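Residue numbers (the working numbering), protein chains in the order written: chain A, 1 to 888; chain B, 889 to 1776. For glycine and all other residues, C-beta sits at the position ideal for the given N, C-alpha and C. Quick caveat, the model's predicted, so the values are computed rather than measured. Following: one structure in structure tokens, then a few remarks.
Number of protein chains: 2
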Amino acid sequence: MKNLLGGKGANLAEMTNMGIPVPAGLTITTDVCTYYYENNYLFPDDLESKLKSAIGKIESAMGKSFGDVNDPLLLSVRSGARQSMPGMMETVLNVGLTSETIPGLIVKTDNPRFVYDAYRRLIMMYSDVVMEKAAGIEPDEGHGIRHQLESILNAYKIEKGYSSDIDLTAEDWSKLSGAFKSRIKNVLGSNFPDDPYEQLWGGIKAVFQSWNGKRAISYRRIEKIPDEWGTAVNVQAMVFGNTGDRSATGVAFTRNPATGENKFYGEWLQNAQGEDVVAGIRTPHPLNEATRTDASAGLESLETFLPDVYSQLDSIRTNLERHYADMQDIEFTIENGNLWMLQTRTGKRTGTAAIKMTVDMVAEAMISKEEGITRVSPNQIDELLHPRLDIEEEKSAPVIAKGLPAGPGGGVGRVVFTADDAETWAKDGKKVILVREETSPEDVHGMHAAEAILTAKGGMTSHAALVARGWGKCCIVGCSALNIDFGKKAMDVNGEKIKEGDWISMNGTKGTIYLDQLILQPADPEANESYRELMAWADEIRTLKVRTNADSPEDSKQAIAFGAEGIGLCRTEHMFFDPQRITAMRKMILAENRSERRNAVMELLPFQREDFKGIFEAMAGKPVTIRLLDPPLHEFITLNDEQVSELATELGVPPAKINSRINSLHELNPMLGHRGCRLGVAYPEITEMQARAIFEATAELNNVGVEAMPEVMIPLIGTHTEFENQEKIVRRIAEDVMMEKKIQFDYLVGTMIELPRACLTADEVAQRAEFFSFGTNDLTQTTYGFSRDDIGGFLPDYLENNILTHDPFQSLDQIGVGQLVRMAVEKGRKVKKDLKIGICGEHGGDPDSVEFCHQNGLDYVSCSPFRVPVARLAAAHAALKAFDKRYI
Amino acid sequence: MKNLLGGKGANLAEMTNMGIPVPAGLTITTDVCTYYYENNYLFPDDLESKLKSAIGKIESAMGKSFGDVNDPLLLSVRSGARQSMPGMMETVLNVGLTSETIPGLIVKTDNPRFVYDAYRRLIMMYSDVVMEKAAGIEPDEGHGIRHQLESILNAYKIEKGYSSDIDLTAEDWSKLSGAFKSRIKNVLGSNFPDDPYEQLWGGIKAVFQSWNGKRAISYRRIEKIPDEWGTAVNVQAMVFGNTGDRSATGVAFTRNPATGENKFYGEWLQNAQGEDVVAGIRTPHPLNEATRTDASAGLESLETFLPDVYSQLDSIRTNLERHYADMQDIEFTIENGNLWMLQTRTGKRTGTAAIKMTVDMVAEAMISKEEGITRVSPNQIDELLHPRLDIEEEKSAPVIAKGLPAGPGGGVGRVVFTADDAETWAKDGKKVILVREETSPEDVHGMHAAEAILTAKGGMTSHAALVARGWGKCCIVGCSALNIDFGKKAMDVNGEKIKEGDWISMNGTKGTIYLDQLILQPADPEANESYRELMAWADEIRTLKVRTNADSPEDSKQAIAFGAEGIGLCRTEHMFFDPQRITAMRKMILAENRSERRNAVMELLPFQREDFKGIFEAMAGKPVTIRLLDPPLHEFITLNDEQVSELATELGVPPAKINSRINSLHELNPMLGHRGCRLGVAYPEITEMQARAIFEATAELNNVGVEAMPEVMIPLIGTHTEFENQEKIVRRIAEDVMMEKKIQFDYLVGTMIELPRACLTADEVAQRAEFFSFGTNDLTQTTYGFSRDDIGGFLPDYLENNILTHDPFQSLDQIGVGQLVRMAVEKGRKVKKDLKIGICGEHGGDPDSVEFCHQNGLDYVSCSPFRVPVARLAAAHAALKAFDKRYI
């Protein structure tokens, strides 16, 4: 009943049912929260009577009464949503302490210091969480009531010469409580409530209010938690870990959450409350001897200090893990030697740990393989595929700037500001990070040489991002804090002056940048046995094939190593930037007539043929989808004055002619300009040359017994007539090559579906096309009218204002863009039942998008080599979800 | 049976049925043509026998036999498609003249000169039309067999000292026939056929072949005639207008095709064949006295020369016009005093004539009003709305360059190369034509001052085109022949040097440019009574409302005069370019924070308020749809260095700051960038200011009894959340203004549907939006992925290769873009049954698109003022077509 009781409430009820010692409590359900927000912040009429009756039951279970002047029951009030939102919502403890109940509790516990300490904790927490919010005050950070009370406490300690809270006596705490209450009255204008039920209702309201606190809302946005779920409120009898030396409190994980090792792992503190463990003021002790580390040397473990309690806890650990069949994150309190469990929930874990635990638990017959696979989120796999900054080092390093996390993993190197410098420095054995305003195809050699790439502009699918992800390279883009002075080879980053050669470190998974050289941990997933096993299971289960986007033999090999089953997108344009080739390309662009252009373009044939041979060989008979030339021609002649005169000399034409051609190729919106198949229509000789290179490579390899399976892809089709125009050329060349080389070979001609009109007329296009491959980057651009290069100008506002829940270039927009994809699949398959359909946009490596592809009957997804394992696992998840609702 | 017989064949059959003298003939139907192309250029098996039997019938009707050596029947072979394609296909005359039939015909006619003349005509025509094509020869222009034979003829005439063909004797023609045949044998490699049936089959094939000739294909593309219609072939007995002095030939229109005047109008020549009248070698005579002009003074009319025949012809004229209930274009031949009708077809006419004839024929009770309305094509109306170049002058002026016809009508003026010069010269009373590479909002003052606008770049919906059409101003764009040297204020146009101050003339309807100052005919449609009457009928019949796109009181008044029923698109950005305002706009753009930005933007409030008041007043209570700021901000700060330093001084900021902001606003694809509602989301103060200006204007006018009906339009919505974000601001301001001004007023908040995603999610958007207005320009851009500014780079290739049948920015793509429009209408109305829906893209003035809007249940179309009458008529057509299939 997690949806109604929240995670915490449900687990407390569950533990109670299991006979585990849990302080008695009640849960106000999430639908009360929904009611509260739908009814102008009012509670249901019967809530009060129901609450009173439930508190009656707590009283009898605990043998104490709420507000009793002799033996008062104290309560905690805690939030508990369907899905854990750690630290995002409010908690109030020690509710029920008033001027009337304090004396009785002192008598009962014979511990005035504990009671006054509890009271001041209530005051500090309650004034902050309940009263300040209720007063509608939103103080600047560091000026809230909590901060003011802490200042009073600090001043008091200085006055008294105390070094720690432990030094304060009962009297001190009592005095401070008085001082706190006066300050509260002064600042917030109302008295601290002295009625137990008033405190209780205030706490309940505060928890509900905190559901719509700023932090909670932004957390929900990131985690995609719906606003309408609401939170439950757990009201529970207080037990105390700070009532004396045989009291304690602790948190633990049933297995190691960082490594996945099957050892009981946790921390505890003697005579303390839960918040003390987390606060980090006192160093926590290790739970047991087996998990003791250097840091906890010399600190007594619970295992040795209270062996009976530890053994009881250890057996609860086993019970809980068996019961929930997953690693649990638990909180406990020992009150005068009695163990109380305060919470159990599924524990968060690193990717490495998730994989290990899963494989172990399957081996322990605790869960099935299928269940195990769903336990590891595809993005957790990614962690294993890239080097990472050392976690501990990163924790203590200050973030100097943030950008968009475009290429995951860590990167450490010296800053350089040009691609040429990057290459030169790298040749000298230096590790560099290439910093640019934005990158272009002309920077590729420097990007390749660099450890990591950092740009001031661009979005998640900008040139830098695409290229870096393709190589699995750390990359941060759109970091607007960079203020680069290319002349001086230096930059200002939020006030930090960084010059060429200075070390910086980057976390491309989070988008954070640090000064100096942090430690980098290398990646080697195949060395991880659990990883290999898990991926083998995933491959058994998934039905969606996973291909890769690769355009070199090296990338192809990398992708095969990661499990790719073919190439879904081989871009051919990168092949033209090599110095030997770019001149021929430029000659082609500058040609005056068709025959001149044909001559120039044919100079490229031997290069392209060798490119394709290398890739076909690397793929060893797996299908290779080759996209014909796509980018606008001006990308090949962005030249400065000097380069223009060099080229002019080389080609024997006046520089003015080159400049005039460059000028005529300039476009206002190149994304919507003369590119894709529009190039092939205007310059059929380009299509001819590329088709010939593909088919000659195929024929030559087949002739020596190496299988090659080319799938020729016509890009940017908007009308079936465009496809037919280009298809005719490709098929004619295929026939020619078969005749010339005296060999028959198989090939397909299909198209990239990346424009709304292609989806709308997919039935027409499928008449002739043998496959569809969705280019969802461009499809997202045109469906939304968002330029992926310019989205940085408004995306932050859109996320901020909840206009978009996520960047549609990262995860496919299933409502809009997805509607077009579904339409194209339906229309295409209506005409051609077994039409091969894949996706080759960046979304091919996004787990949610992979699931969408599976649901909509695609045959494969294609993504950059480093996303292949992620997609394999995501495809297995999708298959499981479709097969059995339990896995959703 | 026009579809089967073709227009000519059907009309010949029809005339025969009416008892009008027509030479006997047969028609090979269009489905034979289709068969021919589908079956690899073969005829149906039974064609030969059917043809022979039909020729038998012709023989008995005419009392002559085909191939008879004594009294041979001669035949003509002519094309005849469903829809007339004048001059696009082939004709062969005098088929049946051979070495065997010539002597008999000479005996029979006693006119050897006529016979040999006929024979040489057959040879010249047949060798060109049939033999050269069959030989697969495509000679360069001026080098074909026809040209060679004409050279022989000319050489012969020079040798003999003849000045005209009339001088040649029978012997001369006979000799020439021999020379022609030898040359044919030499050049084409085969003998001239001497068998009548061989000649006949050759002619039939040639006609079918000509259906797929280059000219015919490109004509069909322009006229949107489907390729699969095919042509019929008409084989008809020859009659001769050149057998002697009582023979003649002529063409006539049953009413004047230029003015529409109800007078029999035509030309004839004595002793001539039809082609002589058209060829222009001899000056044709007037048909009658009533239509005699200065040019035909002194030439005898048929009315006086052969009064009986004229009177027979005149009565046939009346019969034909009554029968077809439309003006006819007829051809006749008089053979030895006997009148033969060779052809009747509905005559082509000018717009002015179409309107006058229609209104007259309705008055004559010849046709109904409904029928009459469909007789005038909406584009013919356009002719009346703009000044035009004098037709005769234009005919004789050489075209120096062609571009895209972006703004119809004529324009004559002196060339200037900058907007400032245009303004200065115009102030001095000089008429100027502004010539630019392309225009930008900063050129608008010069564009306004100019008579016409000419640009080297841009497409039909480029800035220049949009602005010029809005003003009804002559404009040609994308004229790539312009080679402008702005430094020298001169240009080279296909070798013509044109410098500042030189006169040029432009036909913006055709896209043609001429040297010198041609005569310009002014426009005044309202002075045309027939026009007024026709438009009144159209308004009675149409159900689709017609609004206008206007953003000034002047344009609004113009549009009202043209019959606009509201403003469908009032763009607000043009209002910001006034010097007083642009500075505030730039301050706003350069503001460092929200409050600075708000202050700057609020400086614009009084200006905007006055703008809206002016427009509301002009529209007098008619609805005014106002689009909130749409273009990317960088359009407002495209500055050169000098302007930057001026602005820096004015605003008291360093120039570097301005440059840095300009730089940061630069976008790779501004069309898909930070514009539309994305501006309002990022800078809500802009939306607030604009909403306030609109509502304050509304309130102030309502308070003084002037009705104002604002419809606030949020641009570029892709998600319903964007709409809701902006709508909230607009409604809040409306409430505020009502409170402040103490008045209630009506207003709507709706959105522009111009992105595929808005269509796909129209059901979500319609939850809150009160109206939709399709922005089909942008919708076409994103659906096709075509930038309208850059389409010039590939559109010509696309039209050339039949990949597109028309520019989708001119006429709505009903298959792709239209599918999205239909989807949005359906989804929107599913949620809100009576959702108001219009269209405000450039398509709103395109007749086909207007029909599409009517069919799909839109409430209104909106177009530039000068297209309003066109749209009104198109809307009436659409209503008639929907009501009665006869009108399709």
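C-alpha of L930 of chain B to C-alpha of R1034 of chain B: approximately 27 Å in a straight line.
Taking a Cβ-Cβ cut-off of 9 Å, D1736 of chain B has no neighbours in chain A, whose nearest Cβ is about 18 Å from it. The C-beta separation of G508 of chain A from G478 of chain A comes to about 13 Å, leaving the pair out of contact by the 8 Å criterion. Per DSSP, P307 of chain A lies in no beta strand (DSSP E) segment; the continuous alpha helix (DSSP H) that holds it begins and ends at 307-324. For N801 of chain A, the chain B residues whose C-beta falls within less than 7 Å of its own C-beta are V1569, N1613, listed in chain order. The segment 746-818 of chain A contains, as complete alpha helix (DSSP H) runs of 4+ residues, the segments 756-760, 762-765, 776-784, 795-800 (chain order). By the neighbour-count definition (other C-beta atoms within 10 Å, threshold 16), G621 of chain A is an exposed residue.
Neighbours of L1643 of chain B in chain A, taken as residues at a C-beta separation under 8 Å, are given in chain order as T783, Y784, G785. Between the segment 851-861 of chain A and the segment 830-839 of chain A, the count of C-beta pairs closer than 8 Å reaches three or more; the two stretches touch. Within the DSSP bridge table, the entry for E267 of chain A names A:V251, A:P286 as partners.
Around the C-beta of H1554 of chain B, fewer than 16 other C-beta atoms lie within 10 Å, and the residue is accordingly described as exposed. The Cβ-Cβ distance between G1733 of chain B and R1459 of chain B does not fall below 9 Å.
Among the residues facing chain B, P670 of chain A is included, as its CB has a counterpart in that chain under 9 Å away. Legend: CB atoms of the segment 1620-1654 of chain B lying less than 7 Å from CB atoms of chain A belong to residues L1643, P1644, R1645, L1648, T1649. Residue state for I990 of chain B is assigned as helix, using DSSP reduced to three classes. Beta-carbon to beta-carbon, T583 of chain A and E685 of chain A are separated by about 17 Å, too far to satisfy the 8 Å threshold.
Residue environment for R675 of chain A: buried (at least 16 other C-beta atoms within 10 angstroms of its C-beta). The three-state secondary structure of D45 of chain A, taken from DSSP, is coil. Apart from sequence neighbours up to five positions away, the residues of its chain that approach A397 of chain A with a beta-carbon distance below 8 Å are S505, Y514, L515, D516, L518, ordered along the chain. Proximity to V1713 of chain B across B:G1090, B:I1641, B:K1073 peaks at B:I1641, based on C-alpha coordinates. In chain order, D790, G793, F794 make up the part of chain A whose C-beta sits under 7 Å from the C-beta of H1562 of chain B. At a cut-off of 4 residues, the continuous stretches assigned as alpha helix (DSSP H) that sit fully inside the segment 399-447 of chain A are 419-427. In the DSSP assignment, V1365 of chain B falls within the unbroken beta strand (DSSP E) covering 1362-1365.
In this chain, E1484 of chain B is not harboured by any beta strand (DSSP E); it is covered by the alpha helix (DSSP H) spanning 1482-1490. Per DSSP, the unbroken beta strand (DSSP E) holding T1234 of chain B starts and ends at 1226-1234.
Taking the beta carbon of Q819 of chain A as reference, the chain B residues within 7 Å of it are L1648, listed in sequence order. DSSP places V1618 of chain B within a helical segment (H, G or I) once states are collapsed to three. Bounds of the alpha helix (DSSP H) holding T34 of chain A are 30-38. DSSP places I330 of chain A inside the beta strand (DSSP E), whose first and last residues are 328-335. Secondary structure note for W1425 of chain B: its alpha helix (DSSP H) is the uninterrupted segment 1417-1429. Within chain B, no C-beta atom comes nearer than 7 Å to that of E138 of chain A; the closest sits roughly 18 Å away. Per the coordinates, the alpha-carbon of F607 of chain A lies some 46 Å from the alpha-carbon of A354 of chain A. Put simply, of A:P654, A:N659, A:R627 the residue whose alpha carbon is nearest the alpha carbon of P710 of chain A is A:R627. Per DSSP, the continuous alpha helix (DSSP H) segment holding K1445 of chain B begins and ends at 1441-1449. DSSP, reduced to helix, strand and coil, places T231 of chain A within a strand of the structure shown. Separation of H1211 of chain B and Y1107 of chain B (C-alpha to C-alpha, rounded to the nearest whole angstrom) is 29 Å.
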